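These protein sequences, in sequence, are chains R and S.
Just so you know, the first sequence maps onto residues 28 to 151 in the numbering used here.
Just so you know, the second sequence maps onto residues 15 to 227 in the numbering used here.
Glycine is no exception: its CB is placed at the ideal position from the N, C-alpha and C atoms.
Nothing here was measured: the structure is a model prediction, and the numbers come from that model.
Report on the structure given below.
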Amino acid sequence: MASRDEVWFDDAAGPLVRPYALTRGRTRDNRYGLDLVTLVVSVQPEVHERVVEPEYADLLWGCEHPLSVAEVAAKTNLPLCVVKVMLADLIERNYVIYRTGWRPVRNTPDMDTMQKVLDGIRKL
Amino acid sequence: MVSASSNPSRPVAGPAIDAVAVKVLISGGFGVGKTTLVSALSEIVPLRTEELITELSDGVDDVSGIEDKSTTTVAMDFGRITINPELVLYLFGTPGQDRFWFMWDELARGALGAVVLVDTRRLDACFAAIDYFERRELPFIVGVNCFDGAQPYDVDEIRAALDVDSFIPVTLCDARERASTKELLVKLMEHVMNTARLAESVPAQQARSSAPT
Chain R
28 MASRDEVWFD DAAGPLVRPY ALTRGRTRDN RYGLDLVTLV VSVQPEVHER
78 VVEPEYADLL WGCEHPLSVA EVAAKTNLPL CVVKVMLADL IERNYVIYRT
128 GWRPVRNTPD MDTMQKVLDG IRKL
Chain S
15 MVSASSNPSR PVAGPAIDAV AVKVLISGGF GVGKTTLVSA LSEIVPLRTE
65 ELITELSDGV DDVSGIEDKS TTTVAMDFGR ITINPELVLY LFGTPGQDRF
115 WFMWDELARG ALGAVVLVDT RRLDACFAAI DYFERRELPF IVGVNCFDGA
165 QPYDVDEIRA ALDVDSFIPV TLCDARERAS TKELLVKLME HVMNTARLAE
215 SVPAQQARSS APT
């Protein structure tokens with residue numbers, strides 16, 4: 028047991044707002060099919076940060092340059108499901124644009140993309 | 015609305031996402047060197063992203079001692095390789111514990127392929143990953159991580175012990191060495207392309223052709 032005198036500050040105190048409070052209880056979001064490697068970038072964060080809550084403003088600046096949803100989650104220290112819901116909110120308001128990651132199409136392999144990946148790795 | 019009627023290709027003066035992201039998975043048991051491998055190749059220090067598990071554990075979840083815990087966190091480490099301005103490759107380490115299957119589904123969706131890292135001292139730790147990729151028909155190769163350079167078994171012995179099909183490459187590697195891990199990814203992509211060509215020529219037949227002989 029922790030002693031009564033022990034005080035918790037900052038990170039030690041845990042998040043001030045529990046993650047799902049940020050999303051008003053929403054834990055899943057399928058509006059845009061966002062996944063780990065969907066790329067996102069914010070539109071004019073300097074303008075839109077003024078009209079959103081601070082946590083959303085952090086997200087806007089978190090994807091000032093195109094990044095994957097996974098990177099934004101890592102950068103903002105928020106769980107993936109929370110980041111997805113919040114990003115979808117921002118996409119809905121046109122404050123963020125997104126691009127779905129590569130998906131294979133059954134029986135029509137995208138050899139061109141595969142070759143580019145292979146060539147890219149060889150050049151490392 | 016930014017529907018850019020005059021220029022369908024791109025909204026004027028807005029941001030654009032020129033790149034498309036692809037991913038490969040780095041899989042294997044806990045402590046086998048997945049994050050080490052990702053670090054060896056990634057252009058960024060591997061990042062960690064976390065997912066909350068809030069679903070009720072329904073018997074498959076072995077959480078003896080913490081049964082009343084309703085939220086757990088599963089962490090994934092990942093890295094990035096910018097191939098060119100139009101193509102970014104992400105390397106995702108899969109969670110080491112078998113019970114986070116729902117996370118594997120999201121990881122595997124859209125993945126090009128996977129590397130299953132194996133430690134011969136704990137061979138069984140990778141069985142779950144191999145089973146998963148076989149079932150999902152996601153192309154994978156096996157990388158045998160040679161800790162300290164020593165490896166008492168040869169590739170054929172390891173292949174036999176893992177019981178993987180003969181067309182699946184099994185390669186010795188050192189997860190710490192950039193050259194070695196790069197070679198592993200080259201082998202993976204070659205295998206991914208071979209598998210794709212095969213699937214193209216023999217549609218849908220490949221799926222169950224790997225029945226025991």
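Would W88 (chain R) count as contacting chain S if we go by Cβ distances under 7 Å? Within the first sequence, the letter at position 61 stands for residue 88 (chain R). It does not; no Cβ of chain S falls within 7 Å.
Quick one: which unbroken alpha helix (DSSP H) runs of 4-plus residues sit fully inside the segment 144-187 of chain S? Chain order, please.
-> 169-176
What distance in whole Å lies between the Cβ atoms of Y167 (chain S) and T209 (chain S), which are believed to be in contact at a cut-off of 8 Å?
Position 195 of the second sequence, counted from the start, is the residue given in the question as residue 209 (chain S). Position 153 of the second sequence, counted from the start, is the residue given in the question as residue 167 (chain S). Not a contact, Cβ separation roughly 26 Å.
- Query: When DSSP builds the beta bridges, which residues end up paired with S69 (chain R)?
  - Reply: Residue numbering aside, residue 69 (chain R) sits at position 42 when the first sequence is read from its first letter. In DSSP, S69 (chain R) forms a bridge with R:V123.
task: Report yes or no: do three or more beta-carbon pairs, one from the segment 132-146 of chain R and one from the segment 96-107 of chain R, lie closer than 8 Å?
output: no
What residues in the segment 108-122 of chain R bring their beta carbon closer than 8 Å to a beta carbon of chain S? C108, V109, N121
Between the alpha carbons of E64 (chain S) and S180 (chain S), how many angstroms are there, rounded?
On the second sequence, position 50 is the one that residue 64 (chain S) refers to. On the second sequence, position 166 is the one that residue 180 (chain S) refers to. Roughly 36 Å between the two C-alpha positions.
Y59 (chain R), DSSP secondary structure in three states: As a working note, residue 59 (chain R) is residue 32 in the first sequence. If DSSP states are grouped into helix, strand and coil, Y59 (chain R) belongs with coil.
(Q) Cutting at 6 Å between CB atoms, please list the residues of its own chain near A139 (chain S), excluding the five before and the five after it. (A) Position 125 of the second sequence, counting from 1, holds the residue named residue 139 (chain S). The answer, listed in chain order, is G43.
| request: Quick one: which residues of the segment 95-107 of chain R get their C-beta closer than 8 Å to a C-beta of chain S? List them in chain order. | output: S95, A97, E98, A100, A101, K102, P106, L107
| query | Would the segment 31-42 of chain S and the segment 92-107 of chain S be scored as touching if the rule is three or more Cβ pairs under 8 Å? | reply | yes
* Where does T135 (chain R) sit, in a helix, a strand or coil, going by DSSP? -> Locating residue 135 (chain R) in the first sequence gives position 108, where the first residue counts as 1. In the structure shown, T135 (chain R) sits in coil (DSSP, three-state: anything other than H, G, I, E or B).
Residues of the segment 49-68 of chain S with Cβ closer than 8 Å to any Cβ of chain R, in chain order: L55, L61, R62, T63, E64, E65, L66, T68
>> Below 8 Å, how does it come out for the segment 144-153 of chain S and the segment 184-199 of chain S: are there three or more Cβ pairs, yes or no?
In response: no
Check: Taking 7 Å as the CB-CB limit, is A128 (chain S) close to chain R?
Finding: To locate residue 128 (chain S), count along the second sequence from 1; it is residue 114. Judged by the 7 Å Cβ criterion, A128 (chain S) is not in contact with chain R.
Mind listing the chain S neighbours of D62 (chain R)? Cutoff is C-beta to C-beta under 8 Å, in chain order.
Mapped onto the first sequence, residue 62 (chain R) falls at position 35. The contacting residues are E120, R123, G124.
Comparing the C-beta of T108 (chain S) with each C-beta of chain R, is any distance below 7 Å? As a working note, residue 108 (chain S) is residue 94 in the second sequence. Not one chain R Cβ lies under 7 Å of T108 (chain S).
### Query
Where does G45 (chain S) land, buried or exposed, given buried means 16+ other C-beta within 10 angstroms?
Stepping through the second sequence from its first residue, residue 45 (chain S) is reached at position 31. Counting Cβ neighbours within 10 Å, G45 (chain S) comes out exposed, since fewer than 16 surround it.
Taking C-beta pairs closer than 8 Å, name the residues in chain R that N1 (chain S) reaches, listed in chain order. The structure shown does not extend to residue 1 (chain S), since chain S spans only 15 to 227, so no value can be given for it.
> Taking the alpha carbon of A143 (chain S) as the point to measure from, which residue in S:A193, S:D119, S:G124 has its own alpha carbon closest?
Replying inline: Stepping through the second sequence from its first residue, residue 143 (chain S) is reached at position 129. Measuring from the Cα of A143 (chain S), the nearest candidate turns out to be S:D119.
Can you pull the chain S residues whose beta carbon is under 7 Å from the beta carbon of V70 (chain R), in chain order? To locate residue 70 (chain R), count along the first sequence from 1; it is residue 43. Under the 7 Å cutoff, chain S gives G28, P29.
Worksheet item: Which class does T86 (chain S) belong to by DSSP, given the choice of helix, strand or coil?
Response: For the purposes of this step, residue 86 (chain S) is identified with residue 72 of the second sequence, where counting begins at 1. In this structure, T86 (chain S) counts as strand in the three-state DSSP scheme.
- Item | Y146 (chain S) at chain R interface by Cβ criterion, 7 Å | Taking the first residue of the second sequence as position 1, residue 146 (chain S) is located at position 132. Chain R, which has no Cβ nearer than 7 Å to the Cβ of Y146 (chain S), makes this no.
Chain S beta carbons: is any one of them nearer than 7 Å to that of G52 (chain R)? By one-based count along the first sequence, residue 52 (chain R) stands at place 25. It does not: the Cβ of G52 (chain R) has no partner Cβ on chain S nearer than 7 Å.
* Leaving out the 5 sequence neighbours to the left and right, which residues in its chain are closer than 8 Å to H92 (chain R) when beta-carbon positions are compared? -> Along the first sequence, one-based indexing puts residue 92 (chain R) at 65. Cβ within range, chain order: V68.
Self-check item: Proximity below 7 Å, CB of E82 (chain R) to CB of L49 (chain R)
Solution: If you number the first sequence from 1, residue 82 (chain R) lands on position 55. If you number the first sequence from 1, residue 49 (chain R) lands on position 22. Closer than 7 Å, so yes.
Margin query: Once DSSP output is grouped into helix, strand and coil, what is the label at S41 (chain S)?
Written below: Numbered from its first residue, the second sequence carries residue 41 (chain S) at position 27. It is a strand residue.
Item to complete: Using a Cβ-Cβ cut-off of 7 Å, state whether L49 (chain R) counts as contacting chain S.
Response: By 1-based counting over the first sequence, the position of residue 49 (chain R) is 22. It does not: the Cβ of L49 (chain R) has no partner Cβ on chain S nearer than 7 Å.
_Beta-ladder partner(s) of F114 (chain S), from DSSP_ = Along the second sequence, read from residue 1 onward, the residue named residue 114 (chain S) stands at position 100. According to DSSP, which records beta bridges pairwise, F114 (chain S) is partnered with nothing at all.
Within its chain, find whatever has a CB closer than 6 Å to the CB of A84 (chain R); leave out the 5 residues flanking it on each side and keep chain order. Mapped onto the first sequence, residue 84 (chain R) falls at position 57. Result list for A84 (chain R): E76, in chain order.
Report task. Starting from the Cα of N121 (chain R), find the closest Cα among R:R51, R:Y59, R:R55, R:V132 and give me that residue. Result -> Here residue 121 (chain R) refers to the residue found at position 94 when the first sequence is read from its first residue. Among R:R51, R:Y59, R:R55, R:V132, the Cα nearest to that of N121 (chain R) is on R:Y59.
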